[in-house]
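One structure is given below, encoded as structure tokens.
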Amino acid sequence: MYAVEVRDHVMIAHSLPGEVFGPAQRLHGATFVVDAAFFAGELDANGIVVDIGRATDALGRALEPLRYRNLDDLPEFAGRATTTEVLARHVFDALAGPARAGALGNAGGLRRLRITLHESHAARGWYEADL
Numbered sequence: 210m211y212a213v214e215v216r217d218h219v220m221i222a223h224s225l226p227g228e229v230f231g232p233a234q235r236l237h238g239a240t241f242v243v244d245a246a247f248f249a250g251e252l253d254a255n256g257i258v259v260d261i262g263r264a265t266d267a268l269g270r271a272l273e274p275l276r277y278r279n280l281d282d283l284p285e286f287a288g289r290a291t292t293t294e295v296l297a298r299h300v301f302d303a304l305a306g307p308a309r310a311g312a313l314g315n316a317g318g319l320r321r322l323r324i325t326l327h328e329s330h331a332a333r334g335w336y337e338a339d340l
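Counting from 1 along the sequence shown, just add 209 to a position and that's the residue number in this note's numbering.
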């Protein structure tokens, strides 16, 4: 399996309701380093998994609506705790469409996508699934 991974970051604010979240129940800021890994069983005719420039641009577009926003105010997260795992799935869903459509290159060869959000140097979470 071949893979290409691109990286960006996003700064957000949010609160996480529920006793399980302790002090994170209060409004706080977070900076996530976000990795998007694209997997293909075979390279395309150009010898790539995806075009790195296109993948980087697509990740930036997926993150743009979240940048410097309070996620508690966004309708797409109404009634949901914006945990690292939930945000990873949100970014996955934003990238899966362009990846499946061939907008990043290697239209028929992409098999899988993994989105990893690094909360800190010591903690990260991800969502991964077939395309």
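Beta carbons are placed, not taken as given, at the ideal position from N, Cα and C, and that holds for glycine. Quick caveat, the model's predicted, so the values are computed rather than measured.
Between residue 212 and residue 246, how many whole angstroms is the CB-CB distance? I'm expecting something under 8 Å. Working through the sequence shown from its first residue, we reach residue 212 at position 3. Working through the sequence shown from its first residue, we reach residue 246 at position 37. Rounded, the Cβ-Cβ distance is 5 Å, consistent with contact.
By how many angstroms is the C-alpha of residue 323 removed from the C-alpha of residue 228? For the purposes of this step, residue 228 is taken as the residue at position 19 of the sequence shown. For the purposes of this step, residue 323 is taken as the residue at position 114 of the sequence shown. If I take the Cα positions, the gap works out to 29 Å.
Would you kindly work out how many angstroms separate the C-alpha atoms of residue 315 and residue 284, rounded to a whole number? Along the sequence shown, read from residue 1 onward, the residue named residue 315 stands at position 106. Along the sequence shown, read from residue 1 onward, the residue named residue 284 stands at position 75. Their Cα atoms are separated by approximately 33 Å.
Inspect the beta-carbon positions of residue 244 and residue 214 and report whether they are closer than 7 Å. The residue you call residue 244 lines up with position 35 of the sequence shown. The residue you call residue 214 lines up with position 5 of the sequence shown. Result yes, Cβ atoms of residue 244 and residue 214 sit closer than 7 Å.
I need the boundaries of the alpha helix (DSSP H) containing residue 266, first residue and last residue. As a working mapping, residue 266 is identified with position 57 in the sequence shown. Note, residue 266: alpha helix (DSSP H), 261-272.
Can you check which of these residues, 219, 226, 320, is closest to residue 290 by C-alpha distance? Translated into positions along the sequence shown, residue 290 becomes position 81. Per the Cα distances, 226.
Among 242, 210, 337, nearest to residue 331 - alpha-carbon criterion: Here residue 331 refers to the residue found at position 122 when the sequence shown is read from its first residue. Minimum Cα distance to residue 331 is reached at 242.
Residue nearest to residue 305 in terms of C-alpha spacing, selected from 325, 338, 334: Indexing the sequence shown from 1 puts residue 305 at position 96. Of 325, 338, 334, the residue nearest in Cα terms is 338.
When we look at the beta-carbon of residue 230 and count the other beta-carbons within 10 Å, is it buried (16 or more) or exposed? Residue numbering aside, residue 230 sits at position 21 when the sequence shown is read from its first letter. Counting Cβ neighbours within 10 Å, residue 230 comes out exposed, since fewer than 16 surround it.
Where residue 252 falls, given that 16 or more other Cβ within 10 Å makes a residue buried: For the purposes of this step, residue 252 is taken as the residue at position 43 of the sequence shown. Classification for residue 252: exposed.
Straight-line CA distance for residue 335 to residue 298? Locating residue 335 in the sequence shown gives position 126, counting from the first residue. Locating residue 298 in the sequence shown gives position 89, counting from the first residue. Those two C-alpha atoms are separated by around 8 Å.
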